[in-house]
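S.K.:
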Amino acid sequence: MKKDKIFAGFLKTICWHDNKIVDWASGAAYNLKGERTNFGYTPDFGDRAICSANGEYAFVYKRLGTKELLLKNGKLLREINRPYYCSDAYEYPAAFVTIGARTYLIHCPVAYNQLDFEDAETGELVTNISGRNPDDFFHSRLEVSAGGKYLLDKGWVWHPIYRTVMFDIEACLRNPLMLDNPQLEPKPFGEYCTASFIDNSTIVVGSSDEVQDEEDNWFPAKHIAVWDLKTDKLSEPVKVRSEFGNIFAISSRYVWDMYKYPKIINVQTGEVVDEDTGVKGSLESSPMTGNSDNYPAIAFNRHTKQIAVQGDEEIIVLTPDEAFLSATL
């Protein structure tokens, strides 16, 4: 892997857009040469940020917060809220998706267990209809497929058990009651603590180190597999030969893992094929998270497969070797 450093004074958040790294909280953007461009409104708030595909809307938030900010073209549009219940224990659930001409912020403004689609422009909660009766599930670490078809939800249930579930976005917009129960979940059942889209129909999933001795048919601990959404089947689980817990798909054969330090894992063998122990990663290995320097912001560029890590007045950019980008199963 290649490592580059970008000086970034007063850095608060990182988010990829148009192959630049944007700090929406400080009103600055950095290209990969380290050149900084300042823009407009600076909310000076938050420790995380995401933006819509075209960069028109941005959501600036605190991982363990309840009151957050929605921006349009870099300027404040309105305040966003989530319930307080257990908000100090797990990462704020939020993602953008654009369907047709409308962009939605997906989050949980009504109840911790109720996913909703909010029209980013108007604030209308288009899915908050009568009859909603959601499962007792804490939504977290939301991710939308590149084509906007699926919503990946890497959350948890009490006590806690980590679960990775899937929703068909357009189906849920047609019938919001479908948001109350996931349409898809990896089988066999297991404690899936991390996952990432490889493409629009396949996902790499990984399990925690929690050994379940009650059921012989559970997905094994510390393993990784590829989930095919078309067949709803998993590939043969492979034991990862290292600690892991925060993966991002590079190709169908290789994934980043950012637990403790950056490494690249072969999905077929479980081997670590590249690593840099000199770069500080994150202790994140589940939706449950801490409020400390051990959880720096990590942003993944799904187009270039680069990783950005937020440091102390610097951004570390990691680029995978070309051989990892082109590999297939």
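Counting from 680, one number per residue, gives the positions in the sequence shown under this note's numbering.
Every residue gets a Cβ at the ideal spot worked out from N, C-alpha and C, and that includes glycine.
1) Can you name the start and end residues of the alpha helix (DSSP H) that residue 852 belongs to?
2) By alpha-carbon positions, which one of 975, 928 and 788 ends up nearest to residue 873?
3) Look at the Cβ atom of residue 997, then the Cβ atom of residue 682, and state whether they are nearer than 8 Å.
4) Go ahead and label residue 724 buried or exposed: buried means 16 or more other beta carbons lie within 10 angstroms of its beta carbon, across all protein chains shown.
5) Locate the alpha helix (DSSP H) running through residue 923, then write down its first and last residues.
6) Counting pairs of beta carbons, one from the segment 802–812 and one from the segment 778–791, are three or more of them closer than 8 Å?
7) Could you work out which residue in 695, 755 and 733 is closest to residue 778 when comparing CA atoms only?
8) So for residue 876, helix, strand or coil by DSSP?
9) Is residue 726 buried or exposed, if buried means 16 or more other CB atoms sit within 10 Å of its CB?
10) I'd like the ranges of any beta strand (DSSP E) spanning at least 3 consecutive residues and lying wholly in the segment 693–732.
11) Checking the sheet assignment: what are the DSSP bridge partners for residue 757?
12) Mapping the DSSP letters down to three states, classify residue 967 as helix, strand or coil.
13) According to DSSP, simplified to helix, strand and coil, what is residue 800?
14) To the nearest whole angstrom, what separates the beta carbons of residue 848 and residue 776, a pair I think is in contact under 8 Å?
15) Per the DSSP calculation, residue 979 is bridged to which residue(s)?
16) For the putative contact between residue 949 and residue 905, defined by C-beta atoms under 8 Å, what is the C-beta separation to the nearest angstrom?
17) Could you give the first and the last residue of the continuous beta strand (DSSP E) run that contains residue 686?
18) Less than 8 Å between the beta carbons of residue 740 and residue 707, yes or no?
19) Return helix, strand or coil for residue 1001, following the three-state DSSP convention.
20) Suppose contacts are defined by Cβ-Cβ distances below 8 Å. Is residue 899 in contact with residue 886 by that definition?
21) In whole angstroms, what is the alpha-carbon distance linking residue 963 and residue 925?
22) Would you say residue 867 and residue 846 are within 8 Å of each other, going by their C-beta atoms?
23) Could you name the residues that DSSP lists as bridge partners for residue 1006?
24) In the structure shown, what three-state DSSP assignment does residue 907 receive?
25) Grab me the residues of residue 767's own chain with a C-beta within less than 7 Å of its C-beta, minus the 5 sequence neighbours each way, in chain order.
26) Would you tell me roughly how many angstroms separate the C-alpha atoms of residue 796 and residue 854, rounded to the nearest one?
27) State the DSSP-derived secondary structure class of residue 690, mapped to helix, strand or coil.
28) Taking the alpha-carbon positions, what's the residue 703 to residue 896 distance?
29) Buried or exposed for residue 838, going by 16 or more other Cβ atoms inside 10 Å?
30) Tell me whether residue 982 is buried or exposed, calling it buried when 16 or more other Cβ atoms sit within 10 Å of its Cβ.
31) Taking the alpha-carbon positions, what's the residue 688 to residue 722 distance?
32) Can you tell which of 882, 792 and 763 has its C-alpha closest to the C-alpha of residue 829?
33) So, helix, strand or coil for residue 857, using DSSP?
M.R.: Let me spell this out:
1) 848–853
2) Of the candidates 975, 928 and 788, the one whose C-alpha sits nearest the C-alpha of residue 873 is 928.
3) yes
4) Flag for residue 724 reads buried.
5) Residue 923 -> no alpha helix (DSSP H), and no H or E assigned at all.
6) yes
7) 733
8) Here DSSP, grouped into helix, strand and coil, assigns residue 876 to strand.
9) buried
10) Within the segment 693–732, the beta strand (DSSP E) runs of at least 3 residues that lie entirely inside it are, in chain order, 694–696, 699–702, 707–709, 715–717 and 727–730.
11) 749
12) strand
13) coil
14) Sure, about 6 Å apart at Cβ, within 8 Å.
15) 986
16) Not really, about 13 Å apart at Cβ, beyond 8 Å.
17) 681–686
18) no
19) The answer is helix: DSSP assigns residue 1001 an H, G or I state.
20) yes
21) 6 Å
22) no
23) DSSP lists no partner for residue 1006.
24) strand
25) 743
26) 12 Å
27) In the structure shown, residue 690 sits in coil (DSSP, three-state: anything other than H, G, I, E or B).
28) Their Cα atoms are separated by approximately 45 Å.
29) Using a 10 angstroms sphere on the CB of residue 838, the tally of other CB atoms stays under 16, which defines it as exposed.
30) exposed
31) Distance from the CA of residue 688 to the CA of residue 722, rounded to the nearest whole angstrom, comes to 16 Å.
32) 882
33) Looking at residue 857 - three-state DSSP - the assignment turns out to be helix.
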